[in-house]
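Engineer: In this text, residue positions in the sequence shown follow this note's numbering: the first is 442, and each later residue adds one.
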Amino acid sequence: MSTGRGGRLRTPDKPTAEEKRQASEVSLGRIARLFSPYRWSVLGVVAIIAASSIVGLASPFLLRGIIDVALPGQDLRLLVVLTAAMVVVAGVTSALGVVQTWVSTKVGQQVMHGLRTDVFAHLQRQSVGFFTRTRTGEVQSRITNDIGGMQSVVTSTATSIASNLTTSVATAVAMVALSWRLALISLVVLPPAIWLSRRVARMRREITALQQRELADLNVTIDEGLSINGVLLSKTMGTGPSLVRRFTESSARLIDLELRSQLAGRWRMASMSLIFAAIPAVIYLSAGLPMTSGRGGAMTIGTLIAFTTLQSQLFRPLMGLLNTGVQVVSSLALFQRVFEYLDLPVEVAEPTDPVDIDTSTVRGHVRFEGVGLTYPGADVPALEGVDLDVPAGTTMALVGETGSGKTTLASLVARLFDPTEGRVTIDGVDVRRLRLADLAEIVGVVSQETYLLHATVRENLRYARPDATDAEIEDAARAARMHDLLASLPEGYDTVVGSRGHRFSGGEKQRLAIARTLLRNPRILVLDEATSALDTETERAVQQAFDTLAEGRTTITIAHRLSTVRDADQIVVLDHGRVHEQGTHDSLLADEGRYAALAA
């Protein structure tokens, strides 16, 4: 899907030619492969369906025997046997139907479960860049609306095709066995029915694509308008009424699309129903003609009733088969949208040849060797020719004007992005050769944008280390100067922080994020404006905690306030992605360069 300004996914009113082409390229074979892990269950369902269809076909022949033999001959014993057999046939087919429904529903739900988890896991592996380019509501819509829309197709399509196809073929064979002449008359409607179904399927596929895009837009409106940040923004900017209008217009468009989807080709299918309904009259008329009576003279009443019974039974599976075909083709738009996410390349992937390391022995020596980074679609590199050495246990501070590349450079250590040139190493090992789990254990990041889960304080802190004890959680909170505040709350560490942590102030949220990172005890700390939301007194206290915790650790600090970095072992001044100056606080002041100007 193409993007508009600001990297936002564009959601046009109509599908583009490229989107239509991609939708048409969704392979039915790829959809069928979703069922491959459950092939034996699917084959078992097909066998049950075939058995049920074959058993069910006995009823018309039993009916013919009753009408043509048992009743005219007053054969009570034969009549009892034939009627009892009809009851047994009904009971067997019903029992097989229950088993078939249970197995097919279970398989369908397992396929849906696998698809949902695959998409979620694949999106988890995407880089930060993907999520900055994509609206949150769009991602949620693909996982919920698109996959949810596929549920009925995935759950029932395979069994519906097998059931209807088996029943249709078996019924057609039985009709030919009774009277091949009447069978030809009955089956003459098949070609136009297939042609009409294909036209309806194409119409519905285009409407389905429009529906899903509109649902994604609606989801984005909900996410932007009803999240805590969105509500605060709309209330302070007075945009609530315009958001309501936007939501209302989008919802109204969904009504129109749903009507179009339900009515697409309905008159065509209604005409087919009329034709099928008229066929019995044609059969009754044809049965009296010499050309359809066969060599034996007039057709028996039992044969005629049995044939019309089969013909009426043929209508349901045949229309079901055609409707299933319509559903499959129209659902290709959904599969295309889901497969589009599954086919996204992983920009920051697990290494193919990972280096085995003991994370507890990592010293934390960080080097940037000829590092350059150009964001996709950008003309100017964000970083260029960066060479830096951060010995283990030392502190490096990155300073510079906004947009100079400080955050981008620090994010390379945790592999939030990968450099397009050069490499970043820890203890001489390229970070791209470290397992992501190992790297996350080695590098801890506290960013300027704090995100807290809608859970208790204890659960938010334990998110960093699920096996952490309550004592360890409290120690981390003490280090971040949050323990006294948390202990004073009525529910203490069991206080719910609220959506995105709005129960606490900006500085308190920042300190919770610091405690969460410190709980993991990483060898390398990346502090991206980690004290930016703190007042001067709290900042001083947290800085003292950082100074204590930084002993024996490598710390990379990003700050606008130069007072927080003056004691760093080295200070690096970045300008437009390049290292402009490098040295200690005193040496850089003595040089009277860019740093001195910033400190003035």
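Backbone N, C-alpha and C define an ideal beta-carbon position, used for all residues, glycine too.
Since the structure is predicted, the reported quantities are computational estimates derived from the model, not experimental observations.
I need the DSSP call for Val938, collapsed to helix, strand or coil.
Structural biologist: Correct three-state label for Val938: coil.
Engineer: Compute the Euclidean distance between the alpha carbons of Arg935 and Ala878, then round it to the nearest angstrom.
Structural biologist: Checking the sequence shown, residue 935 turns out to be Asp, not Arg. Asp935 and Ala878: Cα-Cα distance of roughly 28 Å.
Engineer: For Leu520, collect the residues of the same chain with a Cβ closer than 6 Å to its Cβ; drop the 5 residues on either side in sequence, then sort them by chain order.
Structural biologist: Only Ala511 meet the Cβ criterion.
Engineer: Decide if the segment 831-839 is in contact with the segment 992-1000; the criterion is three or more beta carbon pairs, one per stretch, under 8 Å apart.
Structural biologist: Taking 8 Å as the limit for Cβ pairs, the verdict is that the segment 992-1000 does touch the segment 831-839.
Engineer: Can you find the residues in the same chain that come closer than 8 Å, C-beta to C-beta, to Thr750, ignoring five residues on each side of it along the sequence?
Structural biologist: Around Thr750: Ser500, Pro501 and Leu504.
Engineer: Based on Cα-Cα distance, which residue from Glu825, Tyr816 and Gly470 lies nearest to Phe571?
Structural biologist: Closest by alpha carbon: Tyr816.
Engineer: Rounded to whole angstroms, how far is the Cβ of Val827 from the Cβ of Val1020, which I believe are closer than 8 Å?
Structural biologist: About 6 Å separates the two Cβ atoms, so the contact holds.
Engineer: In chain order, what residues of the same chain lie with their CB nearer than 7 Å to the CB of Glu791, ignoring the 5 residues before and after it?
Structural biologist: Correct list, in chain order: Arg876 and Leu877.
Engineer: Using a threshold of 7 Å, state whether the C-beta atoms of Asp925 and Arg778 are closer than that.
Structural biologist: Contact: no.
Engineer: I'd like to know whether the C-beta atoms of Leu960 and Ala920 end up nearer to each other than 7 Å.
Structural biologist: No, Cβ-Cβ distance for Leu960 and Ala920 is not below 7 Å.
Engineer: Please tell me whether, using a cut-off of 6 Å, the distance from the CB of Ala1040 to the nearest non-hydrogen atom of the ligand GTP is below it.
Structural biologist: Although the ligand GTP was asked about, the structure shown includes no ligands whatsoever.
Engineer: How about Phe561: is its C-beta nearer than 7 Å to some C-beta of chain B?
Structural biologist: The displayed structure is made up of one protein chain only, and chain B is not part of it.
Engineer: Could you tell me the distance, in whole angstroms, from the CA atom of Ser482 to the CA atom of Ser493?
Structural biologist: Going from the Cα of Ser482 to the Cα of Ser493 covers about 16 Å.
Engineer: Where does Gln1011 sit, in a helix, a strand or coil, going by DSSP?
Structural biologist: In the structure shown, Gln1011 sits in a strand (DSSP, three-state: E or B).
Engineer: My output table needs one value for Glu810: the three-state DSSP class, helix, strand or coil.
Structural biologist: Glu810: strand per DSSP, three-state reduction.
Engineer: So, does the segment 1007-1022 touch the segment 861-873, judging by three or more C-beta pairs under 8 Å?
Structural biologist: Counting Cβ pairs under 8 Å, fewer than three are found: no touch.
Engineer: Leaving out five residues on either side along the sequence, give the residues of the same chain with a beta carbon under 8 Å from the beta carbon of Val496.
Structural biologist: If we look at Val496 and ignore the five residues flanking it on each side, its Cβ neighbours are Val530, Val533, Thr534 and Leu537.
Engineer: Counting only the same chain and skipping the five closest in sequence on each side, list residues whose C-beta sits under 6 Å from that of Glu882.
Structural biologist: Cβ neighbours of Glu882 beyond the five flanking positions: Thr800.
Engineer: With a threshold of 16 other CB atoms inside 10 Å of the CB of Phe561, please say whether the residue is buried or exposed.
Structural biologist: Exposed: under 16 other Cβ atoms inside 10 Å.
Engineer: Have a look at Arg873 and Gly813 and give me their C-alpha separation to the nearest angstrom.
Structural biologist: For Arg873 and Gly813, the distance between alpha carbons rounds to 15 Å.
Engineer: Among the residues of its own chain, which have a CB less than 8 Å from the CB of Tyr479, if the five just before and after it don't count?
Structural biologist: The residues are Val548, Gln551 and Val552.
Engineer: According to the neighbour-count rule (16 or more other Cβ atoms, all chains shown, within 10 Å of its Cβ), is Ala464 buried or exposed?
Structural biologist: Note that Ala464 has pLDDT 43, beneath the 50 cutoff, so the model's placement of it is unreliable and no number is given.
Engineer: What's the gap between the Cα of Pro513 and the Cα of Arg474?
Structural biologist: Distance between the alpha carbons of Pro513 and Arg474: 55 Å.
Engineer: How is the beta strand (DSSP E) around Val827 delimited, first residue to last?
Structural biologist: It spans Leu824 to Val831 - the beta strand (DSSP E) in which Val827 sits, taken as one unbroken run.
Engineer: Determine the burial state of Ala650: buried for a count of at least 16 other Cβ atoms within 10 Å of its Cβ, exposed for fewer.
Structural biologist: Answer is buried; the Cβ neighbour count reaches 16.
Engineer: For Thr741, which residues of its own chain have a beta-carbon under 7 Å away from its beta-carbon, when the five flanking residues on both sides are left out?
Structural biologist: Excluding residues within five positions, the ones whose Cβ falls inside 7 Å are Asp509.
Engineer: Could you tell me if Ala917 is buried or exposed, where buried requires 16 or more neighbouring beta carbons within 10 angstroms of its beta carbon?
Structural biologist: That one is buried.
Engineer: State the start and end residues of the unbroken alpha helix (DSSP H) segment that holds Asp559.
Structural biologist: Note, Asp559: alpha helix (DSSP H), Leu517 to Gln565.
Engineer: State the Cα-Cα distance for the pair Asp1032 and Val884, rounded to the nearest angstrom.
Structural biologist: When rounded, the distance between both Cα atoms is 33 Å.
Engineer: Please report the distance separating the alpha-carbon of Gly737 from that of Val610.
Structural biologist: For Gly737, the predicted model reports a pLDDT of 48, less than 50, meaning its position is unreliable; a value from the coordinates is still stated below. Near 27 Å, if we compare the C-alpha coordinates of Val610 and Gly737.
Engineer: Return the first residue and the last residue of the alpha helix (DSSP H) that Arg903 is part of.
Structural biologist: Unbroken alpha helix (DSSP H) run through Arg903: Val898 to Arg903.
Engineer: Would you grab the beta carbon distance between Gly590 and Leu773 for me? Rounded to a whole angstrom, and I think it's under 8 Å.
Structural biologist: At roughly 12 Å, the Cβ-Cβ gap does not stay under 8 Å, so Gly590 and Leu773 are not in contact.
Engineer: Would DSSP call Met837 helix, strand or coil?
Structural biologist: It is a strand residue.
Engineer: Look at the Cβ atom of Gly1018, then the Cβ atom of Glu788, and state whether they are nearer than 7 Å.
Structural biologist: Cβ distance not < 7 Å, so Gly1018 and Glu788 don't count as in contact.
Engineer: Looking only at its chain, what residues have a beta carbon closer than 8 Å to the beta carbon of Ser691, apart from the 5 residues adjacent to it on each side?
Structural biologist: Counting only Cβ-Cβ distances below 8 Å, and skipping sequence neighbours, we find Glu655, Asp658, Leu659 and Thr662.
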